[in-house]
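Heads up: the sequence lines are chains F and S, in that order. Quick note: the first sequence uses this note's numbering, first residue 809, plus one each step. Quick note: the second sequence uses this note's numbering, first residue 4, plus one each step.
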Amino acid sequence: MARVVVDVMLKPEILDPQGQAIARKLPQLGFAGVSAVRQGKRFEVELDGPADEAALDQVRTIAETLLANPVVESYEVRVL
Amino acid sequence: MDAARVGVITFPGSLDDRDAARAVRLAGAEPVALWHADDDLRGVDAVVLPGGFSYGDYLRAGAIARFAPLMEKLVDAARGGLPVLGICNGFQVLCEAHLLPGALLPNAGLHFVCRDQRLRVDDADTAWTRDYTAGQEIVVPIKNRDGRYVADPDTLAELEGEGRVVARYLDLNPNGSLNDIAGVRNEAGNVVGLMPHPEHAVESLTGPSTDGLGFFTSIVKRLVEA
Numbered sequence: 809m810a811r812v813v814v815d816v817m818l819k820p821e822i823l824d825p826q827g828q829a830i831a832r833k834l835p836q837l838g839f840a841g842v843s844a845v846r847q848g849k850r851f852e853v854e855l856d857g858p859a860d861e862a863a864l865d866q867v868r869t870i871a872e873t874l875l876a877n878p879v880v881e882s883y884e885v886r887v888l
Numbered sequence: 004m005d006a007a008r009v010g011v012i013t014f015p016g017s018l019d020d021r022d023a024a025r026a027v028r029l030a031g032a033e034p035v036a037l038w039h040a041d042d043d044l045r046g047v048d049a050v051v052l053p054g055g056f057s058y059g060d061y062l063r064a065g066a067i068a069r070f071a072p073l074m075e076k077l078v079d080a081a082r083g084g085l086p087v088l089g090i091c092n093g094f095q096v097l098c099e100a101h102l103l104p105g106a107l108l109p110n111a112g113l114h115f116v117c118r119d120q121r122l123r124v125d126d127a128d129t130a131w132t133r134d135y136t137a138g139q140e141i142v143v144p145i146k147n148r149d150g151r152y153v154a155d156p157d158t159l160a161e162l163e164g165e166g167r168v169v170a171r172y173l174d175l176n177p178n179g180s181l182n183d184i185a186g187v188r189n190e191a192g193n194v195v196g197l198m199p200h201p202e203h204a205v206e207s208l209t210g211p212s213t214d215g216l217g218f219f220t221s222i223v224k225r226l227v228e229a
């Protein structure tokens, strides 16, 4: 059984007010030197079988179809 | 002739399906309740996708509702010319289903916004806005968390160039939508998405105005004339 991670992020040109809110809070907490935060989503997909190329292709299709909205988000697939 | 039949789809988590049905009735049409899990549009002449939080807005607003059995039928029918109006969550579903361009993201101010909103109807040529005049200003409620309309620069230029921005926010942009966009249409003009809620402004007793009724009377007139 394999576990595949799908990271979904807003495309760089899309405003991320949640990330900005987090970044604004950091100096108040005493954390210096952070210029920006972008917030994304991580999905862990468990497979019945091995994470071979066919299985990874299917995960990519899942990511494009449901996990990410390609209009505003990009995604990356990797085996954990 | 028989009254036009306008379907209103209820998803788990829909909130405004009854208000939408009431607006349809006040406009002179017969509302037809449609259920997301059915696969039959019951021969309706037009469809309203109501506001709410379909499937809890899990993953993204509208992302799961898009794959409801009835939505597959609706996507085909909309591509074939069936008039469809998506309000708030319905707008989000239409974008997720790629019947409309762009996407709706969390409000720039991060707060849920609920207030009476002044709008300008910029496109009075769609199936749902013919009872307005281009440039007409109306007041209808807005209430959303994920109402920030975004699209890539090319899509935005196309929408503006082709006059496909149906309505725009006036006074104050409540959610950070690009170009103050409150609603857009598809190329053919039969599919319209709108973030504010015209179905909550159809009676003076409960709404800030009756300005919203025009969306529903527009479709009824179109169906009667057809």
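Heads up, the beta-carbon is just placed ideally off N, CA and C, and yes, glycines get one too.
Check: Buried or exposed by the 16-neighbour rule on C-beta atoms within 10 Å, applied to His-39/S; Outcome: buried
Check: Proximal residues, the segment 865–878 of chain F versus chain S, C-beta separation under 8 Å; Outcome: Leu-874, Leu-875, Asn-877
Check: Local Cβ density within 10 Å of Thr-220/S, reported as buried at 16 or more and exposed below that; Outcome: buried
Check: Nonlocal neighbours in the same chain, by C-beta distance under 6 Å from Arg-151/S, ignoring five residues either side; Outcome: Leu-108, Asn-110, Ala-111, Asn-178, Gly-179, Ser-180
Check: Cys-98/S (DSSP reduced to helix, strand or coil); Outcome: helix
Check: Within the segment 161–202 of chain S, ranges of the alpha helix (DSSP H) (whole runs, at least 4 residues); Outcome: none
Check: Separation of Arg-25/S from Pro-34/S, as counted between CA atoms; Outcome: 8 Å
Check: Inter-stretch contact (C-beta, 8 Å, three-pair minimum) for the segment 858–869 of chain F and the segment 13–25 of chain S; Outcome: no
Check: Proximity of Leu-29/S and Ile-12/S at Cβ, strictly below 7 Å; Outcome: no
Check: Within chain S, the residues that Gln-826/F reaches when beta carbons sit closer than 9 Å; Outcome: Pro-109, Leu-113
Check: Expected contact under 8 Å - CB spacing of Leu-113/S and Ala-831/F to nearest Å; Outcome: Contact doesn't hold; Cβ gap of about 13 Å is too wide.
Check: For Asn-110/S, three-class secondary structure by DSSP; Outcome: coil
Check: C-beta contact flag for Leu-173/S and Phe-94/S at 7 Å; Outcome: no
Check: Beta carbon proximity, Val-880/F to chain S, threshold 7 Å; Outcome: yes
Check: Asp-126/S beta carbon less than 7 Å from that of Pro-144/S; Outcome: no
Check: Cα-Cα separation between Glu-206/S and Ser-57/S, rounded to whole angstroms; Outcome: 26 Å
Check: Gly-848/F - DSSP class collapsed to helix/strand/coil; Outcome: strand
Check: Contact the segment 159–167 of chain S vs the segment 52–67 of chain S: 3+ CB pairs below 8 Å; Outcome: no
Check: Near-chain F residues of the segment 87–107 of chain S (beta-carbon distance less than 7 Å), N- to C-terminal order; Outcome: Glu-99, Gly-105, Ala-106
Check: Spatial distance of Gln-866/F from Val-813/F (CA atoms); Outcome: 13 Å
Check: Classification of Glu-99/S by the beta-carbon crowding that lies within 10 angstroms, buried from 16 upward; Outcome: buried
Check: Residues near Ala-6/S by beta carbon distance below 6 Å, same chain, minus five either side; Outcome: Ala-32, Glu-33
Check: Residue from Gly-857/F, Val-880/F, Glu-884/F, Asp-856/F with nearest C-alpha to Thr-869/F; Outcome: Glu-884/F
Check: Cβ distance (whole Å) where Gly-105/S is taken to contact Val-187/S below 8 Å; Outcome: 7 Å
Check: Residues within the segment 177–202 of chain S neighbouring chain F, beta-carbon criterion of under 9 Å; Outcome: Gly-179
Check: Sheet register partners of Glu-140/S (DSSP bridge); Outcome: Arg-123/S
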